[in-house]
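Residue numbers (my numbering), protein chains in the order written: chain A, 1 to 248; chain B, 1001 to 1262.
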């Protein structure tokens, strides 16, 4: 890809104050993300993956370094968290319209867009349900739809399927990769699962143990659409081994 | 036993439970009647249910009951609204600022340690025997439970939802309106429900100390004239007043918190 990157992270460092000279979470991280790229950030727990995502989302100021968006200062962010993080007092469709409401869109127009997204994630008919009626997988699909609805410049996923059971999780991979191909978004996803990264990503960044540093930047050139069979191919096996070695 | 009878059983029990409440009330009434009839007590000690009922009708027809109930209701509602409003604003600020919490906490704790019944005479001396002192007493008694519940409610808003709002670049006002208020509402309304009944108590305490109107005043009049039936009428009216207010808040809770389910 020769296009200009949508996101340039340079020299990014995060140190949390503690009683022992500070907790070094990220150490001079640098990488670029190109438009419509699906990048996975992989690393052992405590490698500062989530910290990186929180800085990119603007939830945390970096100690040093910067992340620059090509679109300007304030990119639109769609974020999916480890838990679905829905507002229990809002129905499914009201949860979806939240980002549009915050941007000042009228209710009717927002609802039209929300219905589109509900269809996209396969939850037609559940518009007026309360979040408590949804299963974990359904709730997380609502969360993905909510992260897409305001047409964000960058989609940030923080181990979005970590709390789901194995079967649902693998169904969600297929779902997410279908949605991603339809919507053509730039995605940065944090995960600790090698299969998940190889199933979804164009590129995988491996972080080291704390303080997190980019240890490996691996292009995943497996053909799309990817399916279960692909996991038993030698190409997949080789990539998986390289990632495993890098994680250590 | 077929399937139908199994399904019907819980309903039958439910039905009979509803009647149990009514039956218990009737039994209590009968016991009261029997005590008045056969207890050998004079009616200025224990009037019979019938005497109370006729006294109620008389107070109703000469208009005095409505006037005094109206005064008490107005004091209760004004005190409840004023106290709850002040408590909500203070509670929100305390929830948001640890510094403010430190500054205010000695006063808040002290205000809880002072028995309101004891300072009610002081408030009547300062603000007169009219409605103002009663409204103030109501507001003071409502303040603390609403304040505590506001603080707890606002502090319990999930941090992850704050993250969500910030990742969507929500303004402070949007965070208040679309996150903090709806998230804190269940706990807040719980405080308001307690406050509603306390407010009735506050008004009566104030009126007993010194007043020329209100149901508490009516209790005093009845006592002074050995018109014990009137005391009963006033007390029952107060009970109804408190139950109606409690019911109103509970109704609002059910309407506003539909999402919680049953």
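Idealized CB from N, CA, C, for every residue including glycine.
| Query | Result |
| --- | --- |
| Below-8 Å beta-carbon distance, residue 95 of chain A vs any chain B residue | no |
| Contacts that residue 1261 of chain B makes with chain A (C-beta to C-beta distance below 7 Å) | 132 |
| Pairwise C-alpha distance: residue 51 of chain A and residue 60 of chain A | 8 Å |
| Boundaries of the alpha helix (DSSP H) in which residue 104 of chain A is found, first to last residue | Taken as a continuous stretch (DSSP letters only), residue 104 of chain A belongs to no alpha helix (DSSP H), as it is neither H nor E. |
| Sheet register partners of residue 16 of chain A (DSSP bridge) | A:23 |
| Cβ neighbours of residue 1033 of chain B in the same chain (closer than 7 Å, five flanking residues each side left out) | 1048 and 1049 |
| Per-residue burial, residue 1125 of chain B [other beta carbons within 10 Å of its own, 16 or more giving buried] | exposed |
| Close-in-space but distant-in-sequence residues of the same chain around residue 1151 of chain B (CB under 7 Å, 5 per side omitted) | 1091, 1094 and 1095 |
| Proximity test, Cβ basis, 8 Å: residue 88 of chain A and chain B | yes |
| Contact list for the stretch 1159 to 1170 of chain B against chain A, Cβ threshold 8 Å | 1160, 1161, 1163, 1164, 1165, 1166, 1167, 1168, 1169 and 1170 |
| Residue 191 of chain A - DSSP class collapsed to helix/strand/coil | strand |
| DSSP three-state assignment for residue 1155 of chain B, whether helix, strand or coil | helix |
| Collapsed DSSP secondary structure at residue 1015 of chain B in the structure displayed | helix |
| Residue 1244 of chain B, buried or exposed, once every other Cβ within 10 Å from all chains shown has been counted against 16 | exposed |
| Neighbour-count burial assignment, residue 1042 of chain B, 16 or more Cβ in a 10 Å radius | exposed |
| C-beta atoms of residue 1216 of chain B and residue 1204 of chain B nearer than 8 Å | yes |
| Beta-carbon gap between residue 212 of chain A and residue 27 of chain A smaller than 8 Å | yes |
| Top-ranked residue by Cα proximity to residue 36 of chain A, from A:183, A:124 and A:14 | A:183 |
| Proximal chain B residues relative to residue 38 of chain A, where beta-carbon distance stays under 9 Å | Those within 9 Å of residue 38 of chain A in chain B number zero; the least Cβ separation is about 19 Å. |
| Min CB distance residue 81 of chain A to chain B below 8 Å | yes |
| C-beta neighbour in chain B for residue 1 of chain A, strict 8 Å | With a pLDDT of only 48 at residue 1 of chain A, under the threshold of 50, the placement of this residue in the model should not be trusted, and no figure is reported. |
| Within chain B, partners of residue 57 of chain A - CB distance below 7 Å | 1167 |
| Cβ distance (whole Å) where residue 158 of chain A is taken to contact residue 81 of chain A below 8 Å | 5 Å |
| Between the CA atoms of residue 1252 of chain B and residue 1046 of chain B - distance to the nearest angstrom | 38 Å |
| Contacts of residue 1174 of chain B in chain A (Cβ-Cβ under 7 Å) | 102 |
| Identified DSSP bridge partners for residue 8 of chain A | A:32 and A:68 |
| Min CB distance residue 144 of chain A to chain B below 8 Å | no |
| Environment of residue 48 of chain A [buried if 16+ CB atoms lie within 10 Å] | buried |
| DSSP beta-bridge partners of residue 1277 of chain B | An answer regarding residue 1277 of chain B cannot be provided, because it is not within the stretch 1001 to 1262 covered by chain B. |
| Collapsed DSSP secondary structure at residue 1114 of chain B in the structure displayed | coil |
| Cβ contact check for the stretch 1099 to 1115 of chain B and the stretch 1156 to 1165 of chain B: 3 or more pairs under 8 Å | no |
| Of the listed residues A:210, A:180, A:209 and A:141, nearest to residue 202 of chain A (C-alpha basis) | A:180 |
| Contacts of residue 85 of chain A in chain B (Cβ-Cβ under 7 Å) | 1160, 1161 and 1164 |
| Within chain B, the residues that residue 74 of chain A reaches when beta carbons sit closer than 8 Å | 1169 |
| DSSP three-state assignment for residue 217 of chain A, whether helix, strand or coil | strand |
| Distance, residue 137 of chain A Cα to residue 243 of chain A Cα | 27 Å |
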